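Step one of this worksheet: look at the structure below.
There are 2 protein chains.
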Amino acid sequence: MPHAEPSVPDAFDVGRVSYAIFQLSVAHKGYAASLLRRIGLHPGQELILMHLFSRDDQPQSELLASIGVDASTLSRALRRMQDVGLLVREPAEHDRRVMIVRLTDKGRAMREPIAAMWRDLDEVTQRNLAPQQAEDLTRAAYAVIEAIEHAARTHEPGDEEPR
Amino acid sequence: MPHAEPSVPDAFDVGRVSYAIFQLSVAHKGYAASLLRRIGLHPGQELILMHLFSRDDQPQSELLASIGVDASTLSRALRRMQDVGLLVREPAEHDRRVMIVRLTDKGRAMREPIAAMWRDLDEVTQRNLAPQQAEDLTRAAYAVIEAIEHAARTHEPGDEEPR
DNA sequence: ACGCGATAGTTGGCTAGCCAAGTAATTTGG
DNA sequence: CCAAATTACTTGGCTAGCCAACTATCGCGT
Chain A
554 MPHAEPSVPD
564 AFDVGRVSYA
574 IFQLSVAHKG
584 YAASLLRRIG
594 LHPGQELILM
604 HLFSRDDQPQ
614 SELLASIGVD
624 ASTLSRALRR
634 MQDVGLLVRE
644 PAEHDRRVMI
654 VRLTDKGRAM
664 REPIAAMWRD
674 LDEVTQRNLA
684 PQQAEDLTRA
694 AYAVIEAIEH
704 AARTHEPGDE
714 EPR
Chain B
554 MPHAEPSVPD
564 AFDVGRVSYA
574 IFQLSVAHKG
584 YAASLLRRIG
594 LHPGQELILM
604 HLFSRDDQPQ
614 SELLASIGVD
624 ASTLSRALRR
634 MQDVGLLVRE
644 PAEHDRRVMI
654 VRLTDKGRAM
664 REPIAAMWRD
674 LDEVTQRNLA
684 PQQAEDLTRA
694 AYAVIEAIEH
704 AARTHEPGDE
714 EPR
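Here the protein sequences line up with chains A and B, keeping their order.
My numbering numbers the first residue of the first sequence as 554 and each following residue consecutively.
My numbering numbers the first residue of the second sequence as 554 and each following residue consecutively.
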């Protein structure tokens, strides 16, 4: 039965917590993807739309900073979303390098489906957790994120302390 | 500064826990990828190798079941790993459909680098966590995984209760 | 025995995501 | 005032990952 703690090769012992996070990522992302497919979106597109719901007519560069994905990934995702009519891009007046991203009516119409998708996802996510556990999980997640970002920031330039 | 709880559009409120997991996934996977790059592996390949460290000469189908990825994804990953000399595949004697996957010396040599990578990853992951928090996080992760797998199992065939 | 279904893998086609290199426009500096 | 650096974005090239469709082989049942 492929449940909790499946047949884990011994080597995974050294990274039990990371392995759990890894498995959680796969399951969570997979479930989100299946929910997104039902509303006709590809993973990641919902993030772009949600940021646009918060503030429309946004330069592509700001979306980039908010979402944290590679510029090329965003560029291509936006092109595809434009192709299916979710949004429009047009060069800014004041700076012709800048592309302003604007939702179409079709894009705006995704607001409720996306919110419903998050509700469903979070409901399932918390189904086996006590409220306090959910709270702790969230807090621990951000603690880990902070540790990772700090580690990446420090020894990205000068790789690793030379032992 | 993009730390914990960054500028989260209001819409994310409905899925706070899921959004935290999502962000954790991105950060954790990104850091793992950067560590893997240093030892010349692509994400996912380390899992294949680790399962082979546990049991070599394994049919591709068993690897498939252990790892839980799509058959086509595994097929192509194995081909690429064979191309760079990490492993070899040859048809089984008794059943010519089956491909037996075997590590090469070069593949076996990855054992220590991969273990070191997991140690590094888990060290960073736990850096901001008390031991009890790490334990709780692991437990919560598997609880969420179980809920998601159950949800996927139940309403994948008959999509959603019709309201 | 023979055909049909199940099983094992592969290939095609698509998106997400990364890095590296390239283009265009704007800002900075000598 | 014009060249050099910077910024904004795109394109090329690659891997991971999914689904769908296909091939080949094996096993089963009539």
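Each residue gets a CB set at the ideal place from its N, CA and C atoms; glycine is no exception.
Keep in mind it's a predicted model, so treat the numbers as computed, not measured.
Quick check on residue i: does DSSP put it in helix, strand or coil?
i	result
residue 600/B	helix
residue 653/A	strand
residue 680/B	coil
residue 700/B	helix
residue 687/B	helix
residue 732/B	Coverage of chain B is limited to positions 554 through 716, which leaves residue 732/B absent and any answer about it impossible.
residue 662/B	coil
May I have the straight-line CA-CA distance separating residue i from residue j, to the nearest angstrom?
i	j	result
residue 659/B	residue 593/A	43 Å
residue 701/B	residue 649/A	46 Å
residue 621/A	residue 647/B	50 Å
residue 596/A	residue 586/A	6 Å
residue 703/A	residue 705/B	35 Å
residue 696/B	residue 570/A	14 Å
residue 591/B	residue 662/A	44 Å
residue 616/A	residue 568/A	34 Å
residue 598/B	residue 671/A	31 Å
residue 698/B	residue 694/A	15 Å
residue 678/A	residue 675/B	23 Å
residue 690/B	residue 651/A	42 Å
residue 608/B	residue 583/A	27 Å
residue 636/B	residue 634/A	36 Å
residue 623/B	residue 683/B	36 Å
residue 657/A	residue 611/A	13 Å
residue 577/B	residue 655/B	34 Å
residue 629/B	residue 600/B	15 Å
residue 681/B	residue 643/A	44 Å
residue 668/B	residue 566/B	38 Å
residue 580/B	residue 572/B	12 Å
residue 712/A	residue 665/B	For residue 712/A, the predicted structure reports a pLDDT of 38, less than 50, and the residue's modelled location is therefore unreliable. A value from the coordinates is still provided. Between residue 712/A and residue 665/B, the C-alpha separation is close to 19 Å.
residue 605/B	residue 640/A	46 Å
residue 632/A	residue 613/A	11 Å
What do you get for residue i, buried or exposed, if any count of 16 or more other CB atoms within 10 angstroms of its CB means buried?
i	result
residue 685/A	exposed
residue 688/B	exposed
residue 619/B	buried
residue 645/A	exposed
residue 673/B	buried
residue 716/B	Bear in mind that a pLDDT of 33 at residue 716/B, under 50, signals an unreliable position, so the model cannot answer this.
Please go through the segment 583-648 of chain B and give each complete beta strand (DSSP E) segment of 3 or more residues, from N-terminal end onward. Correct list: 640-644.
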